[in-house]
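Trainee: Right, I'll just put the structure down here and ask away after.
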Amino acid sequence: MKTIRIGSGAGYSGDRIEPAVELAERGNISYLGFECLAERTIALAQAERLRDPEAGFDPLLVARMEAVLRPCAANGVRIITNMGAANPTGAAKATAEVARRLGLPGLRIAAVTGDDVLAEVQGGDYPLLERPGTVASLGDSTRSANAYMGLAPIVDALRGGADVVITGRVGDPALFMAPLVHEFGWAMDDWDRLGKGAVVGHLLECAGQVTGGYFADPGYKDVTDLARLGFPIAEVSEDGSAIITKVEGSGGRIRVATCKEQLLYELLDPTAYLQPDVIADFSSVRFAEVAPDRVAVSGGGGRPRPDTLKVSVGYLDSYIGEGQISYVGPGAVARGRLALDIVAERLQLTGVRTSELRLELIGVDAVYKGSGVARAEPGEIRIRVVGRTENMAEAIRIGNEVETLYTNGPAGGGGAFKQARQVVAVVSTLVPQDMVRPAVSYEVS
Amino acid sequence: MQLRELAHARTGDKGNLSQISVIAYEPGDYAYLAEHVTAERVRAHFAAIAPGEVTRYELPGLGALNFVIQNALGGGVTRSLSLDAHGKSLSSVLLELDIPDRQGRKEALLF
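Residue numbers (this note's numbering), protein chains in the order written: chain A, 372 to 816; chain B, -5 to 105.
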């Protein structure tokens, strides 16, 4: 029976680079996917592209390509990634340059575009999913709008002979489902197989999160050799069932428990995992460990895809200013609370306006909030003051009021830190599938 | 006993929602978890930290429960003022939930 081995080389934009090299060199894989595009990254990348038309793709693209292109070319491994961000065409050009530099002529690099729907939705009456309002209500603050495209254009690129496929926004699992559709010839309305493909894609898309990363809890869940964590490989059969495994000798562990955690990660209703190509049902998925670091995945299914595509809309939201400083030893908590009181009063005295303000003790109540105060008192804490403002000047003043505790606040404050930033936030809306028109272009090294 | 003795957990986020899976170490403990880790108990456990409506999805075949907490992330990951904007640490907070001691449970923790 034919099986396809697909590796996952990154679970987020800043992920480790060597595990992908290990997969390319020793994974015996045919495809290597890199999921590197967080929700708001495109909005930030769009701004970069406005400044420089050649920019706007993933900042680590060149470093990753420099690391993996040679072993991938040597072993016939095709790369699929969303590192194109706001500029897949620019990313394809940059990748072709890396290939030339490495002495790898003739590599065919596809850029998948069409996810950018800013012109279509800006000012439109598209309701926001997270809160009341429409895209129009965001007004001039709107900076980007990118639809989660499906796998079809990636398959087109593979059929077109691409060695590397670089997309902007697509559904994360699509990066891994596309080679299955391409290799097995699954029909685009074979909901059962597409649903199973979404299961595989979802298990792979966070890379190390299925091989023992983000899992260890000493004494409860022990994982060996996380400094050399191996990234996953799915060995997928034509019927959509799969084995999840990794390169022999790499760090981490693949167990039924790691697979269950990743299957349910970021899942809402397990019977309705919405993707551009299918509504997948994860509730019937079953795992079985068939050998060390080999877990069999069966079950899962799907039903017809939604009529709409989700669109992430990036907009300029507000400014956030923050300051932190530490207090240690006897009375650390009391000095920290005094410091917070002082900063609160200073912000009032100096007229810093905030629409939201948090004054908290890291080590006591930064996450626990009110429910954290009854615990044993820690010997070291860090105060944190963070507020939302309408302008950068006021955001900066928040961190300054924490920093000035050095010479004006309680005894023994140390390690002050401050930052202020403009917030590009993301909300979502839905558009009809047919609004989005994917396109594929090629660069050859 | 704490929920941690019977189950492991992982948090994910979507917009302003937090999602927390609770997975039994031993499939035989699933019914016990389903009885004691209710949506209402989870809502009360997070009342100070992430006050929002809680929905529970049941996955008996995986020995797991999946909780979705509304409005948990201070307006959403991309604009939240929280130290942990993704709410990643909420899974560990949930594992502190007190549940009645389980009689006859195997001592060894398995994964």
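Note that CB positions come from ideal geometry on N, CA and C, so glycine has one too. Note that the structure is a prediction, hence the values are computed from the model and not measured.
Ordered along the chain, which non-local residues of its own chain (more than five positions away) have a Cβ less than 7 Å from that of Ser74 of chain B?
Mentor: Residue numbering aside, residue 74 of chain B sits at position 80 when the second sequence is read from its first letter. So the list reads Leu67, Gly68, once near-sequence residues are dropped.
Trainee: Which ranges would you report for the beta strand (DSSP E) in the region 604 to 645 of chain A if only whole runs of at least 3 residues count?
Mentor: Runs of the beta strand (DSSP E) inside the region 604 to 645 of chain A: 613 to 617.
Trainee: Between Ala395 of chain A and Asn446 of chain A, how many whole angstroms is the CB-CB distance? I'm expecting something under 8 Å.
Mentor: Against the first sequence, residue 395 of chain A aligns to sequence position 24. Against the first sequence, residue 446 of chain A aligns to sequence position 75. Contact flag correct, Cβ pair sits at about 6 Å.
Trainee: Excluding the five sequence neighbours on either side, which residues of its own chain have a C-beta within less than 6 Å of the C-beta of Gly385 of chain A, listed in chain order?
Mentor: Counting from one through the first sequence, the residue named residue 385 of chain A turns up at place 14. Here the set comprises nothing.
Trainee: Taking C-beta pairs closer than 7 Å, name the residues in chain A that Val62 of chain B reaches, listed in chain order.
Mentor: One-based indexing of the second sequence puts residue 62 of chain B at position 68. Leu639, listed in chain order.
Trainee: Measure the Cβ-Cβ separation of Ser816 of chain A and Ala482 of chain A and say whether it is below 8 Å.
Mentor: Residue mapping note: residue 816 of chain A aligns to position 445 of the first sequence, counting from 1. Residue mapping note: residue 482 of chain A aligns to position 111 of the first sequence, counting from 1. Result no, Cβ atoms of Ser816 of chain A and Ala482 of chain A do not sit closer than 8 Å.
Trainee: Using 8 Å for Cβ pairs, my map puts Glu731 of chain A next to Val704 of chain A. What's the rounded Cβ distance?
Mentor: What you label residue 731 of chain A is simply residue 360 of the first sequence in a count that begins at 1. What you label residue 704 of chain A is simply residue 333 of the first sequence in a count that begins at 1. Actually they do not touch by this definition, with Cβ atoms about 12 Å apart.
Trainee: Alpha helix (DSSP H) containing Phe547 of chain A: first to last residue?
Mentor: Counted from its first residue, the first sequence places residue 547 of chain A at position 176. Here the alpha helix (DSSP H) through Phe547 of chain A covers 545 to 555.
Trainee: Which of the three DSSP states, helix, strand or coil, is assigned to Pro459 of chain A?
Mentor: The count along the first sequence starts at 1 and reaches residue 459 of chain A at position 88. Helix, per DSSP.
Trainee: Using beta carbons (cut-off 8 Å, strictly below), is His30 of chain B in contact with chain D?
Mentor: Note that chain D does not occur in the displayed structure, where the protein chains are A and B.
Trainee: With C-beta atoms as the reference, is Thr721 of chain A less than 8 Å away from Arg759 of chain A?
Mentor: To locate residue 721 of chain A, count along the first sequence from 1; it is residue 350. To locate residue 759 of chain A, count along the first sequence from 1; it is residue 388. Not in contact: Thr721 of chain A and Arg759 of chain A (Cβ atoms no closer than 8 Å).
Trainee: My understanding is that Tyr698 of chain A touches Ala710 of chain A, with C-beta atoms under 8 Å, so please give their C-beta distance in whole angstroms.
Mentor: On the first sequence, position 327 is the one that residue 698 of chain A refers to. On the first sequence, position 339 is the one that residue 710 of chain A refers to. Right, the Cβ-Cβ distance comes to about 7 Å (below 8 Å), so this counts as a contact.
Trainee: At the level of alpha carbons, what is the spacing between Met(-5) of chain B and Glu34 of chain B?
Mentor: As a working mapping, residue -5 of chain B is identified with position 1 in the second sequence. As a working mapping, residue 34 of chain B is identified with position 40 in the second sequence. Their backbone Cα atoms lie some 18 Å apart in a straight line.
Trainee: For Thr466 of chain A and Leu432 of chain A, which I take to be in contact (beta-carbon distance under 8 Å), what is that distance rounded to the nearest angstrom?
Mentor: Start at 1 with the first residue of the first sequence, and residue 466 of chain A comes out as number 95. Start at 1 with the first residue of the first sequence, and residue 432 of chain A comes out as number 61. Confirmed, about 7 Å.
Trainee: List the endpoints of the continuous beta strand (DSSP E) containing Gly673 of chain A.
Mentor: Taking the first sequence and counting its residues from 1, one reaches residue 673 of chain A at position 302. Looking at the DSSP string, the run of the beta strand (DSSP E) that includes Gly673 of chain A is 672 to 674.
Trainee: In the DSSP assignment, the beta strand (DSSP E) including Ala18 of chain B goes from what residue to what residue?
Mentor: Your numbering for residue 18 of chain B matches position 24 in the second sequence. Counting along the chain, the beta strand (DSSP E) containing Ala18 of chain B begins and ends at 11 to 18.
Trainee: Taking Cβ-Cβ distances shorter than 9 Å, what residues in chain A pair up with Ser83 of chain B?
Mentor: Taking the first residue of the second sequence as 1, we reach residue 83 of chain B at position 89. Val738, listed in chain order.
Trainee: Closer than 7 Å by beta-carbon distance: list the chain A residues that pair up with Gln13 of chain B, in chain order.
Mentor: On the second sequence, position 19 is the one that residue 13 of chain B refers to. Within 7 Å Cβ-Cβ: Glu637, Leu638, Leu639.
Trainee: What whole-angstrom Cβ distance do Val797 of chain A and Glu410 of chain A have, given they're in contact under 8 Å?
Mentor: What you label residue 797 of chain A is simply residue 426 of the first sequence in a count that begins at 1. What you label residue 410 of chain A is simply residue 39 of the first sequence in a count that begins at 1. Contact flag correct, Cβ pair sits at about 5 Å.
Trainee: Going residue by residue through the region 468 to 545 of chain A, where are the continuous beta strand (DSSP E) segments of at least 3 residues, counting only ones entirely within it?
Mentor: If we require 3 residues or more, the beta strand (DSSP E) runs fully inside the region 468 to 545 of chain A come out as 479 to 484, 513 to 518, 535 to 538.
Trainee: Any beta-carbon of chain B closer than 8 Å to the one on Arg759 of chain A?
Mentor: Taking the first residue of the first sequence as 1, we reach residue 759 of chain A at position 388. Taking Cβ atoms only, chain B reaches closer than 8 Å to Arg759 of chain A, which makes this a yes.
Trainee: Taking buried to mean at least 16 other C-beta atoms within 10 Å of its own C-beta, is Gln719 of chain A buried or exposed?
Mentor: Numbered from 1 along the first sequence, position 348 holds the residue referred to as residue 719 of chain A. With fewer than 16 Cβ atoms within 10 Å of its Cβ, Gln719 of chain A is classed as exposed.
Trainee: Beta-carbon of Tyr26 of chain B versus every beta-carbon of chain A: anything under 8 Å?
Mentor: Locating residue 26 of chain B in the second sequence gives position 32, where the first residue counts as 1. Taking Cβ atoms only, chain A never reaches closer than 8 Å to Tyr26 of chain B, which makes this a no.
Trainee: Please classify Asp7 of chain B: does DSSP put it in a helix, a strand, or coil?
Mentor: Looking up residue 7 of chain B in the second sequence gives position 13. Residue state, collapsed to three classes: strand.
Trainee: If you follow the alpha helix (DSSP H) that Val794 of chain A is in, where does it begin and where does it stop?
Mentor: One-based indexing of the first sequence puts residue 794 of chain A at position 423. Segment 785 to 803 is the beta strand (DSSP E) holding Val794 of chain A; no alpha helix (DSSP H) there.
Trainee: Please classify Glu716 of chain A: does DSSP put it in a helix, a strand, or coil?
Mentor: In the first sequence, counting from the first residue as 1, residue 716 of chain A sits at position 345. DSSP places Glu716 of chain A in helix when its eight states are reduced to three.
Trainee: Could you check the C-alpha separation between Ile769 of chain A and Thr72 of chain B for me, to the nearest Å?
Mentor: Numbered from its first residue, the first sequence carries residue 769 of chain A at position 398. Numbered from its first residue, the second sequence carries residue 72 of chain B at position 78. Each residue's alpha carbon lies about 20 Å from the other.
Trainee: Verify the CB distance criterion: does Lys631 of chain A have a CB-CB separation below 8 Å to chain B?
Mentor: Position 260 of the first sequence, counting from 1, holds the residue named residue 631 of chain A. By this cut-off, Lys631 of chain A is an interface position.
Trainee: Here's the rule: buried if 16 or more other CB atoms are within 10 angstroms of the residue's CB, otherwise exposed. What is Lys373 of chain A?
Mentor: Position 2 of the first sequence, counted from the start, is the residue given in the question as residue 373 of chain A. So Lys373 of chain A counts as exposed.
Trainee: Hey, how far is the Cα of Thr32 of chain B from the Cα of Glu468 of chain A?
Mentor: Reading the second sequence from its first residue, position 38 is the one you call residue 32 of chain B. Reading the first sequence from its first residue, position 97 is the one you call residue 468 of chain A. C-alpha separation (whole angstroms): 56 Å.
Trainee: Kindly list, in the order they appear in chain B, the residues whose Cβ is closer than 7 Å to that of Asp688 of chain A.
Mentor: Counting from 1 along the first sequence, the entry for residue 688 of chain A is found at position 317. Those within 7 Å of Asp688 of chain A in chain B are Arg73.
Trainee: Which residues of chain A have a Cβ atom closer than 9 Å to the Cβ of Ile17 of chain B, listed in chain order?
Mentor: Within the second sequence, residue 17 of chain B is the residue found at index 23, counting from 1. Correct list: Ala628, Lys631, Glu632, Leu635.
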